[in-house]
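Just so you know, the sequences run in chain order A and B.
Just so you know, the first sequence maps onto residues 1 to 719 in UniProt numbering.
Just so you know, the second sequence maps onto residues 1 to 719 in UniProt numbering.
2 protein chains.
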Amino acid sequence: MKFKFLSTVGLSLLALFGQAQQASWIWYPGDYEVWLSTKMQNRRTERGSFFPPFWKLDAHYVTVEFSKEYDLKAAETIEVFTEGQYNIKINGKLSYPYSNKITLQPGKQKINIKVYNQAHVPTVLVKGKTINTDNTWKVTFEDKEWIDETGKASDASATLYLPAASWNFHEPHEKPSQFKLATRPEYAVSKDKTAGGELVDFGRETFGFVKIHGLKGSGDLDVYYGESKEEALDKEYCETLDKVRVGLPQKRDSVLELSKAFRYVNVQPGNGVSYDSISMLYEYLPLPNRGTFKSSDALLNKIYDVSVYTMELNTREFFIDGIKRDRWIWSGDAQQSYLMNYYLQFDAPSVTRTLYALRGKDPVTSHINTIMDYTFYWFIGIYDYYLYTGDKQFIENIYPRMQSLMDYCLGRRNKDGLMEGLTGDWVFVDWADGLSKKGALSVEQVLFARSLEAMSICAEIVKDNRAGEYKKVADDLKAKLFRYYWNQQKGAFVHSRIEGNQSDNVTRYANMFGVFFDYLNDEQKKTVKSNVLLNDKVAKITTPYMRFYELEALCALGDQKYVLDQMRSYWGGMLELGATSFWEEYNPDKKGTEHLAMYGRPYGKSLCHAWGASPIYLFGKYYLGVKPTGPAYSTYLVEPELGGLQWMEGNVPTPNGLIKMYVSTKEIKISGDEGSGTLRFKSRKKPASAQGTITSVGNNVYELTIQSGKQYAIKYTAL
Amino acid sequence: MKFKFLSTVGLSLLALFGQAQQASWIWYPGDYEVWLSTKMQNRRTERGSFFPPFWKLDAHYVTVEFSKEYDLKAAETIEVFTEGQYNIKINGKLSYPYSNKITLQPGKQKINIKVYNQAHVPTVLVKGKTINTDNTWKVTFEDKEWIDETGKASDASATLYLPAASWNFHEPHEKPSQFKLATRPEYAVSKDKTAGGELVDFGRETFGFVKIHGLKGSGDLDVYYGESKEEALDKEYCETLDKVRVGLPQKRDSVLELSKAFRYVNVQPGNGVSYDSISMLYEYLPLPNRGTFKSSDALLNKIYDVSVYTMELNTREFFIDGIKRDRWIWSGDAQQSYLMNYYLQFDAPSVTRTLYALRGKDPVTSHINTIMDYTFYWFIGIYDYYLYTGDKQFIENIYPRMQSLMDYCLGRRNKDGLMEGLTGDWVFVDWADGLSKKGALSVEQVLFARSLEAMSICAEIVKDNRAGEYKKVADDLKAKLFRYYWNQQKGAFVHSRIEGNQSDNVTRYANMFGVFFDYLNDEQKKTVKSNVLLNDKVAKITTPYMRFYELEALCALGDQKYVLDQMRSYWGGMLELGATSFWEEYNPDKKGTEHLAMYGRPYGKSLCHAWGASPIYLFGKYYLGVKPTGPAYSTYLVEPELGGLQWMEGNVPTPNGLIKMYVSTKEIKISGDEGSGTLRFKSRKKPASAQGTITSVGNNVYELTIQSGKQYAIKYTAL
């Protein structure tokens, strides 16, 4: 596991220390992600038809130049591998190699390698003793180096370089364009004859390639997939299917070309076609779960485990929304995956890959995924990423694309400086019957303000002098939030502002975010809690998507006990209905197969949606209670809350280690591998600890400093 | 020849009349050009090394959607062919075809076809009775059509559509990605043994694939190319070469993989390799020359013929600069090719392909080809294109890209509102020893003003309300031109303005353009002519590139006779030195092999550069004297000038016809196939014409209106 840290997160840290590193295939930052995301998203099908996203899909720079200057102590022979046509210059002179091995002499050696590839991302791998491609190499898409009529080269001083990016590809045969997720065989748990074929049950929601053992004959074989039995048996309306043209005189084990989501598979061989049995190749991204959680409550443990499985299924080349559909990268969904990831896999590359893919390239022609709120989650996600990982280089790489997207937003404000849907904008917010999108919605302004704060912080990181400007716009907007949307009598933000007037209705959204963004003061938080969050007259949320934030708000208000009841009821409700992964939408008032329908289609709903796994995040952040307060957990806060549990235990990953905890009503055990933490807890009686000094803050609140590498065991009395 | 007009220019006209058309492969406007230009430009090699351009190369949109709505009178079966993965929606519903034939019922049928292709441009060809893909189909890269949770589709009203683009691909097997130039066999005129091999002479500069007849053996065979004998024989310094690895047990006629420029080929078989003979496959774009010119002067006729051949060699997938090098698309070179094209091939697609390729895509990260003046020629080229062809649709398609490039320029002006080179800008102007690029050059402001005028005219065409704004900036800049650069005492524009002061030196550039852009008044034109253009103390121009405009200025001043002497001397000078095509640079003061060197390399100079063919343009525009005065020759002016010749004759192409002329000192014969022309000529005695009415304008100037389809024969007496 430790090596995996190095190859995913630690490589850039090693680079800082200038050690001779393992060679990596390198490329222009963001380009591999853009290319791979198009490839992945365009694998979606609907009943056999190709079904790509409806927003702009960008392409990589087809010609790029990589460079680095070395000062060699001894002669060195390097091997050059590329994906694409290439040339190589040594100290400014084109080298005419007819082999990919080049010997360089001692002294200053500047190497420039230009690579061209239309179909795949241009990449290069150089292996040598001290010369190896890695993130210390530079890359540009426009070297602007011309020569004049005397042969003198321009100084290329305006060339924009970025440090080359890489992932996990180190050997010549590990070509980035050939990357595939891993597979392993898995088997059905039962099968039943059905009209025309058989229904195979794999026991739980899963994803992979159907394998047909001993396939033989001439004709068609149809495969109908279902997340539910009803779906698989419904040949006319199931969302996905495969029609296989069989022409096999001898038996052959055959794996279908495209991986799919299913629990059940309805296999219908045509006349003249036969097979022995059906199994599958489960397809997955090999990524360890570093975070853990267990408690005294068996149902909550099951909810946690099913959440983890749901996250695993939806963490693939990128964080995707759902495995049956859409199999696309959606920013709002991804934002929640990033947060859950920090408490489970803590894989920085999964986050940056997804952020790069979502943003695509300039010019900006619409909001991210065409959705206004999804643009804002993208900014917020970058800020969170920096807080959890401290990865400054990523902020520097992506900052120009943050600027152009923010400029797009700023240019679309209405005359009051608010974000209101313009033609072509999808103002999404949530799947909610009858939710009005008229006017300038309060939730959009809340998210916009947070995005501007994110811009300001990132501007400071990269030392852009617009930092103050973004902060000012954020502050002005926050003032407007209260001036335009706060209703003193209702004690809450109203839903919208239409032609200068407050809408009458109140919805949960802006109010929820207002709580845990700390935009509301204590008094306002109180009224929001009673008048909105705990008020059944305010339209209920029926997606795990927005329940994520609703429950986060309640946790932030100290209502962990109530939230656990909500979890048992809502997530437990899905489990009672037979869920083996958490759903895109769940309305407890629905009955039977109504639960499977959405988008006007009987099986339109995804039964395995990443945004259903919020318990992972809530348990980690609000029950174990761990949150970074400085970038990369340089400093952090731990505020455990049992919420009525007898005990809980778990690991919360940090960039290069773990925070391990055990909490019962009498004892807290904690250790952290890095950074400096503050444990803050409530005790009825004075607590005691053999290690470290406990200080009293008043009101039954106590604090203890957690130094890295030490084990702490505190005896206390829970309130 | 008539059909070729229809398939190149007339297709869009037919579309206006709604006739059932031939089906064409269609794509997103500009994308095919961007893709093909990268492919072509990346074929350049230098001594065997891959040598791509140093500016940003863009990529096509990888997923696009084509659509059209039909109202069918009868059921119709269509066949769908694509380059790329695709889906097809009929009236908003995904069709699940397992064959590419679809039958549509009578009534309203809306067809949407989405195509995805990373390696090649996504394209589609639909063939049916009335349903055929052509320029009446729409295309978008972002359909922004989402569905809500009830299944209702958004109205996609913000979707940006363009009319689909096409070229010459009509049949399923004529796939756009497979396009290749045509070839035909051509043969050497002589061969001589040389050390280690033989030197083969093809008699004149040419371009194509070397063919080795009866190649056999095991080992290497080296081919050294030379535009000159010296280059081909110089194995160490020739600019291009091929090293062939031979492994042929039996004799085989082998064609080399890459086409090259050469007159001579030095073939050096290694030990163990043998062959019978060398020939070539000449590679070319099949394009008829519609314009012609012949005169009483044999040398000028030869100059014209060699110019035509030079243009033919450099008119390929695009207008390129030179066939040995760079084999790239340069805007300044291309601008001259467009102009020559209007008097020779008059192929609109060659112009638009080149304009699209040069511009690439947003975002703008540098000037076109990184050169400031080359950005301006791009704007000017678009204006000229509209004047000659009247192709409004192209202006509409490219206008957004004109806006973003002009915004880039406007944002880079110095505090005086002038264009001065910033870091990363190549201020080129011309190849000229010691030409200073310091400060804000006058020629750049002249070209910038002309570009702003072009923007203003195009803005009016597309009805953009910024038209007046661009005009105002142009007028302000023209005023500054005189205020800052005109030197009354010198009677000319000075070269530059450095930190608020006029440079002392005067160069020809701004002054030349000032003449034929009509920025100078008659008095100023006089002083410029004597103090600059005819003044040997002002640094001479040594490239045919800038001589093009210098001679144009003199023609515009009525000095056609002098210009012919210059042509005989300068272009004739190259011919005397054995040129079979016109060169990139020619300095009559150089001697022997000095003529071959450039860029610090002994054979760096290109001996076949498009910009050497200016006589084509000058003869057509200033001797036959034909120029459009309304778009697409709706109206035109003919002002023949013999310049001392006894007679001349020629055809000047118009979009759908020819203007045919014969002019001697006594007679003018003229006819035009379209539009309404004005013949204006000088006669010492009163002229006579059987057809039409000649009117006297005074000062020996007479005019005759030329109506299309009529033949005119005028008897007159040349001055």
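A virtual CB, placed ideally from N, CA and C, is assigned to each residue, including glycine.
Bear in mind the structure is a predicted one, so any value in this text is a computation, not a measurement.
Margin query: Buried or exposed for N699(B), going by 16 or more other Cβ atoms inside 10 Å?
Written below: exposed
Margin query: At a CB distance below 8 Å, what residues from the stretch 128 to 156 of chain A approach chain B? Give them in sequence order.
Written below: F141, E142, D143, K144, E145, W146, I147, D148, E149, T150, G151, K152, S154
Next item on the list: Measure the alpha-carbon distance for Y617(A) versus Y70(A) and round it to whole angstroms.
Entry: 45 Å
Next item on the list: Determine which residues share a DSSP beta bridge with E649(A) and list them.
Entry: K294(A), Y662(A)
Notebook entry, point to check: Is there contact between the stretch 381 to 401 of chain A and the stretch 455 to 468 of chain A, where contact requires at least three CB pairs shorter than 8 Å?
Noted result: yes
Check: Beta carbon of L551(B), beta carbon of M567(B): below 9 Å?
Finding: yes
Check: When the Cα atoms are used, what is the spatial distance from C409(A) to M419(A)?
Finding: 8 Å
Next item on the list: Could you tell me which chain A residues have their CB closer than 8 Å to the CB of N42(B), listed as they occur along the chain?
Entry: T63, Q85, Y116
Check: Any idea what DSSP makes of Y716(A), helix, strand or coil?
Finding: When DSSP states are grouped into helix, strand and coil, Y716(A) belongs to the coil group.
Margin query: In this structure, how does DSSP classify residue 740(A) when only helix, strand and coil are distinguished?
Written below: An answer regarding residue 740(A) cannot be provided, because it is not within the stretch 1 to 719 covered by chain A.
Note to self: Restricting to Cα atoms, I'd like to know which of P640(A), E674(A), D673(A), S331(A) is closest to E667(A).
What the structure shows: P640(A)
Next item on the list: State yes or no: is the beta carbon of D234(A) nearer than 9 Å to at least one beta carbon in chain B?
Entry: no
Margin query: Under 9 Å, Cβ to Cβ, is there at least one residue of chain B near D464(A)?
Written below: Closer than 9 Å: no.
Notebook entry, point to check: How is the alpha helix (DSSP H) around T389(A) delimited, first residue to last?
Noted result: It spans 372 to 389 - the alpha helix (DSSP H) in which T389(A) sits, taken as one unbroken run.
Check: Taking 9 Å as the CB-CB cut-off, is T8(A) touching chain B?
Finding: Annotation note: pLDDT 42 at T8(A) (below 50); position unreliable, coordinate value reported separately. Not closer than 9 Å to any Cβ of chain B, the Cβ of T8(A) fails to qualify, so no.
Check: Looking at the structure shown, is Y96(B) part of a helix, part of a strand, or coil, going by DSSP?
Finding: coil
Check: DSSP three-state call for D222(B): helix, strand or coil?
Finding: strand
Notebook entry, point to check: Nearest chain A C-beta to D475(B) closer than 9 Å, yes or no?
Noted result: At least 9 Å separates the CB of D475(B) from every CB of chain A.
Next item on the list: Measure the alpha-carbon distance for E444(B) versus F394(B) and round it to whole angstroms.
Entry: 26 Å
Margin query: Give me the subset of the stretch 584 to 615 of chain B whose CB atoms are less than 7 Å from a CB atom of chain A, sorted by chain position.
Written below: M598, Y599, G600, R601
Check: In angstroms, rounded to a whole number, what distance separates the CA positions of L704(B) and S676(B)?
Finding: 11 Å
Notebook entry, point to check: When we look at the beta-carbon of Y532(A) and count the other beta-carbons within 10 Å, is it buried (16 or more) or exposed?
Noted result: Per the sequence shown, residue 532(A) should be read as Val rather than Tyr. Result: buried.
Checklist line | Interface residues of the stretch 297 to 318 of chain A facing chain B [CB-CB below 7 Å] | finding: Answer in chain order: no residues at all.
Item checked: Contact set between the stretch 352 to 374 of chain B and chain C, restricted to residues whose Cβ is under 7 Å from the partner -> Judged by its chain identifiers, the structure shown contains no chain C, and its protein chains are A and B.
Checklist line | Complete runs of the alpha helix (DSSP H) confined to the stretch 401 to 465 of chain B [at least 4 residues] | finding: 442 to 461
Check: Just the Cα atoms here: how many angstroms apart are K247(A) and V273(A)?
Finding: Before going on, a small fix: residue 247(A) reads as Gly here, not Lys. Rounded to whole angstroms, G247(A) to V273(A) spans 9 Å at the Cα level.
Next item on the list: State the DSSP-derived secondary structure class of S12(A), mapped to helix, strand or coil.
Entry: Interpretation of S12(A) is limited by its pLDDT of 46, a score under 50 that renders its predicted location unreliable; the figure taken from the coordinates is listed afterwards. Correct three-state label for S12(A): helix.
Check: Looking at the structure shown, is W571(A) part of a helix, part of a strand, or coil, going by DSSP?
Finding: helix
Notebook entry, point to check: Residues of chain B with a CB under 8 Å from the CB of E46(A): which are they?
Noted result: L94
Next item on the list: Measuring only between beta-carbons, confirm whether N700(B) sits less than 9 Å from chain A.
Entry: Not one chain A Cβ lies under 9 Å of N700(B).
Check: Can the beta-carbon of N271(B) be found less than 9 Å from the beta-carbon of G197(B)?
Finding: no
Notebook entry, point to check: Which residue or residues does DSSP assign as beta-bridge partners of M598(B)?
Noted result: R601(B)
Check: In angstroms, rounded to a whole number, what distance separates the CA positions of N314(B) and R263(B)?
Finding: Straight through space, the alpha carbons of R263(B) and N314(B) are spaced by roughly 15 Å.
Item checked: Contacts that F51(B) makes with chain A (C-beta to C-beta distance below 8 Å) -> Going along chain A in sequence order, the residues near F51(B) (Cβ under 8 Å) are N87, L94.
Margin query: Which residue marks the beginning of the alpha helix (DSSP H) containing F548(A), and which one marks its end?
Written below: From DSSP, the alpha helix (DSSP H) with F548(A) extends over 544 to 556.
Checklist line | Extent of the continuous beta strand (DSSP E) to which residue 720(B) belongs | finding: Any question about residue 720(B) goes unanswered here, given that chain B covers just 1 to 719.
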